[in-house]
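To start, the structure under review is shown below, and the notes come after it.
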Amino acid sequence: MDVLVLGAGIIGLTTAYYLNRDGFNVTVIEKNSDVALETSFANGAQLSYSYVAPLAGPGVMSHVPKWLLDRNSPLRFRPSLDPATVCWNLRFVKACNAAQSNQTTRELLSLSFLSRDLYHEMMQQEAIAFDHKRAGKLIVHRSRDSFNHAVEQLDFQRSLGCEQRALSVEECISLEPALLRMRDHLSGGIFTESEESADCYLLAVALKKILQQRGVTFRFNTSVSRLTADSNRKVSVHTTAGENLTPDHIVVALACDSTALLKPLGIAVPVSPLKGYSLTLPIEQAASAPMVSITDYERKVVYARLGERLRIAGMADMVGLNRRIDTSRIEALKQEARNLFPEAGNYDLATLWTGLRPATPKGKPIIDATRYDNLWLNIGQGALGFTLAPGSASVISHLLRGQALPFGKNVFTLADA
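Those letters in the sequence shown? Residues 1 to 417, by our numbering.
Now the structure itself:
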């Protein structure tokens, strides 16, 4: 059977990988000149299997006034009267409660643990060099209140299979000596030994090569202009090359661009772009750069070592489909990093990046069929796209083949996004 995958980010590529493995004839359409040139290009680089709690949490709303007033806030909102944005915001607010947050966390963990198993299987079967490292992840807390709350959540996380432990300030520094200068500003940390880091872009490039060798066709510099449906509920893809394609199956993996494309078909997907930023700099003093992946909880900044490079990522700006690099946000991110790891590398030589995370109100991806017989969705992974990619792709392949999912009932439906 022929499958057309729309999008060659990490979600589209892993979708193509598992569909090809499971016997489908796959073609990938991508508007850019190569794979992973947008959201997947320079993300946070953390494979965060255990730390998947959604942004919509019980404590979020109390921070909103401060975020609105602070120009350097890690989260920035632009007020909008756009109906879709207003609807997304209202659904987000509704999801900001402990019961929903815990339920979403349970569901995401089932998908992230599947992804972890699939990544490990992939690395055993394929010769892929993508700066993969398992050094664990340390979430450092500056505030005593936030640290105490994190400690209270440990039993819940452990009950779901997460191997995490609380560390004192001294234990944090013993684990990661590069944090020494932050001793007086920390209250403690939560360490997850099983977490990993890697370069998403390098993985994407490797997957493209593997897929091409196995007969997958890539159509670069080709945009999807529109989707249309016939009276038999079959969808066709119209491209900027003047083609009208009606394959057996279509999988939409276009992240934030999916919303406008699907709307004319009457499919309203609650996916909103959360703009993030990153810096990638050459490490100059190895001992001054962290070996362990670090998340600065209050500042919402992550640090991951990629070979001889340090990736620094953060911010979440709700500013629509704006892919322009905001220099003020880059400078704020750079200043946070300099404060924490001033001698880690040459910040003046940092490579700058911005990307749009495709977020749903509850923080759950949409991996689902549609009302159309040949149209499927694999979108909305938000900031967890790299982590959830193989699991999401495996789910889509199971759905297309009519097979039961590894974790039972599909909880990643459009209706429950």
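Think of the CB as a built atom: it goes at the ideal place given N, C-alpha and C, for glycine as much as any other residue.
8 Å contact criterion, which residue i and residue j should meet: CB distance rounded
i	j	result
Val252	Leu6	5 Å
Gly363	Thr104	6 Å
Leu422	Ile283	The structure shown has nothing for residue 422, since the chain only spans 1 to 417.
Closest by C-alpha distance to residue i, when choosing among the options
i	options	result
Pro390	Val3, Ala16 and Met1	Ala16
Thr280	Met318, Ile210 and Ala198	Ala198
Thr39	Tyr201, Arg158 and Ser225	Tyr201
His120	Thr387, Pro406 and Ala178	Thr387
Leu81	Asn89, Leu75 and Pro74	Asn89
Arg226	Leu310, Asn244, Glu298 and Gly408	Asn244
Ala268	Arg181, His149, Ala84 and Asp248	Ala84
Phe213	Ile294, Val26, Glu336 and Ala313	Contrary to the premise, residue 213 reads as Gln rather than Phe in this sequence. Comparing Cα-Cα distances from Gln213 to each of Ile294, Val26, Glu336 and Ala313, the minimum goes to Val26.
Tyr297	Leu274, Asp34 and Leu340	Leu340
Val169	Pro177, Glu163 and Met123	Pro177
Leu265	Met182, Arg371 and Asp145	Arg371
Ile379	Leu4, Ile11 and Val3	Ile11
Arg91	Pro361, Ser397 and Ala393	Pro361
Gln164	Phe41, Asp326, Ile325 and Tyr51	Tyr51
Leu306	Asp248, Leu203 and Ser397	Leu203
Lys137	Leu108, Glu331 and Glu195	Glu195
Asp70	Ala337, Asn410, Ser392 and Ala332	Ala332
Leu4	Val302, Gln403, Ile29 and Leu414	Ile29
Val93	Ala56, Thr240, Thr259 and Ser101	Ala56
Asp34	Arg106, Lys209, Lys275 and Ala289	Lys209
Thr295	Ala150, Ile139 and Asp184	Ile139
Asp22	Gly402, Ala417 and Phe407	Gly402
Ile367	Leu352, Asp416, Gln157 and Arg329	Asp416
Asp230	Thr240, Val216, Thr246 and Thr217	Thr246
Asp131	Asp248, Ala369 and Glu308	Glu308
Extent of the continuous alpha helix (DSSP H) run through residue i
i	result
Ala99	Ala98 to Gln125
Leu90	Pro83 to Ala95
Asn339	Thr327 to Leu340
Lys209	Cys200 to Gln213
Thr259	Ser258 to Leu262
Thr14	Ile10 to Arg21
Ser236	Segment Val235 to Thr239 is the beta strand (DSSP E) holding Ser236; no alpha helix (DSSP H) there.
Ser146	Arg144 to Glu152
Proximity of residue i and residue j at Cβ, strictly below 7 Å
i	j	result
Ala135	Met291	yes
Phe191	Leu167	yes
Leu375	Ile250	yes
Cys304	Ser293	First, the residue type needs correcting, since residue 304 is Ala and not Cys in the sequence shown. Contact: yes.
His141	Ser187	yes
Val395	Leu405	yes
Lys300	Gly314	yes
Ala337	Tyr18	no
Leu352	Ile312	no
Leu109	Leu160	yes
Lys234	Asp373	yes
Asn20	Val271	no
N-terminal and C-terminal residue of the beta strand (DSSP E) that residue i is part of
i	result
Val411	It is not in any beta strand (DSSP E) - Val411 carries neither H nor E in the DSSP assignment.
Val302	Val301 to Leu306
Gln164	Gln164 to Leu167
Problem set entry | Meets three-Cβ-pair contact criterion under 8 Å: the stretch 332–351 and the stretch 210–221 | no
Exercise. Just checking, does the stretch 169–176 make contact with the stretch 49–66 on the three C-beta pairs under 8 Å criterion?
Worked result: no
Exercise. Using 8 Å as the threshold, is the stretch 112–119 in touch with the stretch 46–56, meaning 3 or more CB pairs across them?
Worked result: Yes, since at least three Cβ pairs between the stretch 112–119 and the stretch 46–56 fall closer than 8 Å, the two stretches touch.
Exercise. When the Cβ atoms of the stretch 351–361 are set against those of the stretch 321–338, are three or more pairs found closer than 8 Å?
Worked result: yes
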